[in-house]
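S.K.: So for the sequence shown, this note's numbering puts the first residue at 77; every next one is plus one.
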Amino acid sequence: MSSGSGNSPALRLVVIDDDPKNLKFVNFILASTGLEIHSASDPQAGMDLIRRLRPQIVLMDLVMPGVQGMELLQKIVEFDPGIDVILMTGYYSTESAVEAIQKGAADYFRKPFSPEKLRQRIALIVEDAKRRQRSSKLENELLENFQFEGIIGRSPLMLDLFSKIRRIAPHFRGVLVTGPTGSGKELVAKALHRLSGSDKRFVAVNCSSITESLAESELFGHVKGAFTGANQDKVGVFEYANGGTALLDEIGEMPLAMQAKLLRVLQNHEVQRVGSPAVTKVDVRIVAATNRDLQEMAGQGKFREDLYFRLCAVELKLPSLAQRPEDLLLLERHFLKTFS
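1) Are Leu135 and Ile162 close, meaning C-beta to C-beta below 8 Å?
2) For the candidate residues Met140, Glu171 and Phe155, whose alpha-carbon lies nearest to that of Arg130?
3) Taking the CB atoms as reference points, tell me whether Leu99 and His114 lie closer together than 8 Å.
4) With DSSP collapsed to three states, give me the class of His298.
5) Counting only runs that start and end within the region 153 to 206, where is the beta strand (DSSP E) found for 3 or more residues in a row?
6) Can you tell me whether DSSP reads Gly241 as helix, strand or coil?
7) Starting from Arg400, follow the alpha helix (DSSP H) in both directions and report where the run begins and ends.
8) On the three-state DSSP scale, how would you describe Gln144?
9) Closer than 7 Å by C-beta to Gly260: which residues in its own chain qualify, once you throw out the five before and the five after it? Chain order, please.
10) When burial is assigned at 16 or more other CB atoms within 10 Å of the CB, is Asp403 buried or exposed?
11) Which of helix, strand or coil does DSSP assign to Lys276?
12) Quick check: the Cα distance between Ser212 and Gly158, rounded to an integer number of angstroms?
13) Opposite His114 in the DSSP bridges: which residues?
14) Whose C-alpha, out of Lys179, Val251, Met334 and Ser352, is nearest the C-alpha of Val311?
15) Spatial neighbours of Leu323 within its chain, please: CB distance less than 6 Å, with the 5 preceding and 5 following residues excluded, ordered by chain position.
16) Give me the Cβ distance between Met146 and Ala176, rounded to the nearest whole Å; I'm assuming they're in contact under 8 Å.
17) Skipping 5 residues on each side, what residues in its chain have a beta carbon closer than 6 Å to that of Leu295?
18) Short of 7 Å in beta carbon distance, which residues of its chain neighbour Glu220, apart from the five on each side in sequence? Order them along the chain.
19) Could you spell out the range, first to last residue, of the alpha helix (DSSP H) harbouring Glu372?
20) DSSP state of Met330, grouped into three classes?
21) Where does Val90 land, buried or exposed, given buried means 16+ other C-beta within 10 angstroms?
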């Protein structure tokens, strides 16, 4: 066990892993972080430590004898939803990462991992935990302390949103961002991209501003001669954003025919340019944003139900200003500073 120094008490971290070598490794590489570290070699002992110490962070193996990792995660979240739980596994998959985050995990990454990667992830979690501690005690912080990737807020709803963005960003393939006009959906999409770790492009397209006749060419591209006026090859949005993120704003306005093709991108990670028989693989994260009720539209046949269920697996719901009055003064100061 190691403990931090200084005037403020160290944040506590509990490590749970049935592999003694990994326990020793984690303790060694986190010894310099200033955290108070406690270890357990089995899930029951780990849960006992959590109940006794009420740590701010738990780092645990997903696969251990005697209990499913997701079950232990659920027990921890039920005991104290404020604990940041980080899962480690040698059996990584995007599906299990999404499931873990939906069930309340703060982060999820694969073994083996580099010491620097673990320290960086822990540093982000610690930063979040310390910010939550400050926000509960201090009401009059400067405006800069309540910005997250350009999004302003200190209300519980916004702090919860910031935490979810940070958890989802490294793992997402598709995210649905919903909220009223002006709630910051594009800012959220940009934050997801920046925190994803990708150094590739962020490309935004407003589905309501593209005519149906040009939508396929705009999104998927075309080859020369595919139609009248196609004088040269054109790269579509998904190919242009390959390796990065594509924001499809106002997704509810996308024509049904295009929705079927978008589903193919999400499921098979491939696109086909207009006029070409060739299929191109793409690695693109998709953020779909809307102020409409897609579930209701799907029920009315105005939006593909299979696409809706694919998108809503990971959904970020943005609150309206009326739901977060604590942020009004911050926003007022921000706009006065911006436009003065």
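Glycine included, C-beta positions come from ideal geometry on N, C-alpha and C. Remember, predicted model here, so these are calculated numbers, not experimental data.
M.R.: The structure says:
1) yes
2) Checking every option, the nearest Cα to that of Arg130 belongs to Phe155.
3) no
4) It is a strand residue.
5) 160 to 165 and 183 to 186
6) Note on residue identity: the sequence assigns Ile, not Gly, to residue 241. Here Ile241 sits in helix by DSSP.
7) Counting along the chain, Arg400 falls outside any alpha helix (DSSP H), and DSSP gives it neither H nor E.
8) strand
9) Ile227 and Leu394
10) buried
11) coil
12) Bear in mind that a pLDDT of 49 at Ser212, under 50, signals an unreliable position, so the number given afterwards is only what the model happens to contain. If I take the Cα positions, the gap works out to 13 Å.
13) Val90
14) Ser352
15) Taken in chain order, the residues that qualify are Ala265, Ala280 and Val363.
16) 7 Å
17) Taking Leu295 as the centre and dropping the five residues before and after it, the same chain places the C-beta of Gly312 and Val313 closer than 6 Å to its C-beta, in chain order.
18) Caution is warranted here: a pLDDT of 48 is assigned to Glu220, below 50, making its placement in the model unreliable, and the coordinate value is therefore given only provisionally. The answer is none, since no qualifying residue turns up.
19) Per DSSP, Glu372 belongs to the alpha helix (DSSP H) from Leu370 to Gly375.
20) coil
21) buried
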